[in-house]
Amino acid sequence: MIKIAVFGANGRMGKVLCEASLSAQYAQLSTALVRESNVLIGQPVGPVIGCRDTEVAFASEKSLNSDVDVAIDFTLPEGMKAHLALAIKQRVPMVIGTTGLSDEEMSTLKDAAQYIPIVFSRNYSVGINLLENLVQVAAKTLSEDIDIEIFEAHHRHKIDAPSGTALMIGEAIAKAKGWDHAEVAKFDRSQDGGEKSQQEIGYSVMRGGDIVGEHTAYFAAEGERLELTHKASSRMTFAKGAVRAAAWVKDKPNGLYTMQDVLDLH
Numbered sequence: 001m002i003k004i005a006v007f008g009a010n011g012r013m014g015k016v017l018c019e020a021s022l023s024a025q026y027a028q029l030s031t032a033l034v035r036e037s038n039v040l041i042g043q044p045v046g047p048v049i050g051c052r053d054t055e056v057a058f059a060s061e062k063s064l065n066s067d068v069d070v071a072i073d074f075t076l077p078e079g080m081k082a083h084l085a086l087a088i089k090q091r092v093p094m095v096i097g098t099t100g101l102s103d104e105e106m107s108t109l110k111d112a113a114q115y116i117p118i119v120f121s122r123n124y125s126v127g128i129n130l131l132e133n134l135v136q137v138a139a140k141t142l143s144e145d146i147d148i149e150i151f152e153a154h155h156r157h158k159i160d161a162p163s164g165t166a167l168m169i170g171e172a173i174a175k176a177k178g179w180d181h182a183e184v185a186k187f188d189r190s191q192d193g194g195e196k197s198q199q200e201i202g203y204s205v206m207r208g209g210d211i212v213g214e215h216t217a218y219f220a221a222e223g224e225r226l227e228l229t230h231k232a233s234s235r236m237t238f239a240k241g242a243v244r245a246a247a248w249v250k251d252k253p254n255g256l257y258t259m260q261d262v263l264d265l266h
């Protein structure tokens, strides 16, 4: 049994991660970590996350210790940086699903991987990671005379846009085409005066309601269009993938890994 700690355990995704850790046959929720000032500290986790009874209680994130096998973090970037420091101090491997990271924050993540093994992915769904491979096949196979667009939709509470998953898909396409994603990504056409270039990847975003996550990559040519779509109906999809990644990374050497490594999709 792998002992898992969940950072941000009282958050929208944190609760689902706790539930997934409790329900997995090969894992157990060792500790549910929240901010030091949180009023939930000391209270049992079960009633808060709407899950079966458990002896685990909420604890301060600073109480993370080396008895934990792996820590999972889907919090915001600032919290993630603090949690990385705690994990390094205790030599606890991490599974990180934080999105919207800046270049500086990504650099911090890469530096931390020199001291502990880390799985980082913008999306832990098995289906999305298969989609990442499929869009690369499409980008390599289809002719150069094609328009590439990515659409994503999420609930109204999501902060970053485009989503980290949409960018992951776009970066996979750019890699397959031999493009520099930073040069070909197009986020706004409101000031464009000409027609669309076929040397770009366009992004469009929807925010509304309770949409868990939808992503579509469009490959549009004259006379035909290929659409590759993934729709998530439950956050549990991502949580189960994260727990699977935690079991995988437990005994790995220090380094930065992805869900593609976990699923052996390379």
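For the sequence shown, the residue numbers in the UniProt record's numbering are 1 to 266. Built from N, CA and C at the ideal position, the CB exists for glycine as well. Note that the structure is predicted; figures quoted are calculated from it, not measured.
Item to check | Residues that DSSP places opposite Leu76 in a beta bridge | outcome: For Leu76, which the question treats as bridged, DSSP gives no partner whatsoever.
Next on the checklist: Using a Cβ distance threshold of 8 Å, determine whether the region 207–218 contacts the region 140–156, with at least three qualifying pairs required.
Outcome noted: The region 207–218 vs the region 140–156: in contact.
Next on the checklist: Using the Cβ count rule (16 or more neighbours within 10 Å means buried), how would you classify Lys89?
Outcome noted: exposed
Checklist entry - Do you know offhand how far Lys175's Cα is from Ser30's? => result 39 Å
Next on the checklist: Taking the beta strand (DSSP E) that Glu104 belongs to, which residues open and close that run?
Outcome noted: Glu104: not part of any beta strand (DSSP E); member of the alpha helix (DSSP H) spanning 103–112, first to last residue.
Item to check | Segment limits, alpha helix (DSSP H) that includes Val126 | outcome: DSSP places Val126 in the uninterrupted alpha helix (DSSP H) bounded by 126–141.
Checklist entry - To the nearest angstrom, how far is it from the Cα of Val137 to the Cα of Pro47? => result 46 Å
Next on the checklist: Is it the case that the region 177–196 contacts the region 235–246, given that we only count it when at least three CB pairs across the two stretches are under 8 Å?
Outcome noted: no
Next on the checklist: Please state whether the Cβ-Cβ distance between Ala87 and Ala59 is less than 9 Å.
Outcome noted: no
Checklist entry - Which one or two residues does DSSP pair with Ser60 in a beta bridge? => result Val34
Item to check | Check whether Leu109 and Leu84 have beta carbons under 9 Å apart | outcome: yes
Checklist entry - Nearest-angstrom Cα distance between Pro253 and Val262? => result 14 Å
Checklist entry - DSSP on Ile2, reduced to helix/strand/coil? => result strand
Next on the checklist: I'd like to know whether the C-beta atoms of Phe74 and Gly127 end up nearer to each other than 9 Å.
Outcome noted: No, the Cβ-Cβ distance between Phe74 and Gly127 is not below 9 Å.
Checklist entry - CB Val68 to CB Ala5, shorter than 9 Å? => result yes
Next on the checklist: Are the CB atoms of Glu195 and Cys185 within a distance shorter than 9 Å?
Outcome noted: Inspection of the sequence shows that residue 185 is occupied by Ala rather than by Cys. Cβ distance not < 9 Å, so Ala185 and Glu195 don't count as in contact.
Next on the checklist: Restricting to Cα atoms, I'd like to know which of Ala82, Tyr26, Lys15 is closest to Cys51.
Outcome noted: Lys15
Item to check | Nonlocal neighbours in the same chain, by C-beta distance under 7 Å from Arg156, ignoring five residues either side | outcome: Taken in chain order, the residues that qualify are Arg207, Gly208, Gly209.
Checklist entry - Which one of Leu101, Ala82, Ser63, Asn133 has the shortest CA to CA distance from His266? => result Nearest to His266 by alpha-carbon distance, out of Leu101, Ala82, Ser63, Asn133, is Asn133.
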